[in-house]
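This report refers to the structure that appears directly beneath it.
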Amino acid sequence: MTAQIQSPHQKVFHEAVKNGDTTELARVLETARQDVNVNMFDCEGQTALHQSVIDGNFELVKLLVQFGADVKLANRDGWNALHIAAYGGHEDIALYLITNVNSCKR
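Last residue of the sequence shown: number 366 in our numbering, and the count goes up by one each step with no gaps.
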């Protein structure tokens with residue numbers, strides 16, 4: 261996600277996250293993984309993982325972590341996904357992030 265989408269696949273990725281579309285997100289990550297940066301920041305300083313946590317979308321969070329989203333990455337305010345989950349009251353997401361903090365693919 262970024263203010264300037266760099267590839268058609270990155271645009272599809274961005275839209276899938278924005279719309280909370282788990283099926284479309286999985287499709288683009290499985291078919292065009294090399295063309296998608298799951299840790300790219302948007303114009304508001306959030307990654308797809310940050311946005312999915314803000315939205316409370318546990319399924320998107322799990323999918324993003326599975327495909328390499330960096331749980332430790334901080335947004336422009338210095339908050340990582342765990343901070344956002346705790347602040348938003350998303351206990352299930354917070355526990356998942358704690359459990360999977362070191363499992364992101366590189």
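We put the beta carbon where it would ideally sit given N, CA and C, even for glycine.
Who are the near neighbours of residue i in its chain, counting only those whose CB is closer than 7 Å to its CB and skipping five residues on each side?
i, result
"residue 298", "308, 324, 327, 328 and 329"
"residue 357", "331, 341, 342 and 345"
"residue 282", "319, 320 and 323"
Out of curiosity, what's the CA-to-CA distance linking residue i and residue j?
i, j, result
"residue 278", "residue 319", "13 Å"
"residue 423", "residue 353", "Shown here, the chain extends from 261 to 366; a query on residue 423 therefore has no answer."
"residue 348", "residue 362", "22 Å"
"residue 284", "residue 273", "8 Å"
Assuming the contact rule is C-beta atoms closer than 8 Å, residue i and residue j should be a hit. Round their C-beta distance to whole Å, please.
i, j, result
"residue 286", "residue 269", "About 13 Å; that fails the 8 Å criterion."
"residue 295", "residue 312", "Their Cβ separation, rounded to whole angstroms, is 20 Å, which puts residue 295 and residue 312 out of contact at 8 Å."
Given residue i, which residues of its chain have a CB within under 6 Å of its CB, disregarding the five upstream and five downstream residues?
i, result
"residue 350", "316"
Let me confirm a value: residue i is counted as buried when at least 16 other C-beta atoms fall within 10 Å, else exposed. Which label applies?
i, result
"residue 289", "buried"
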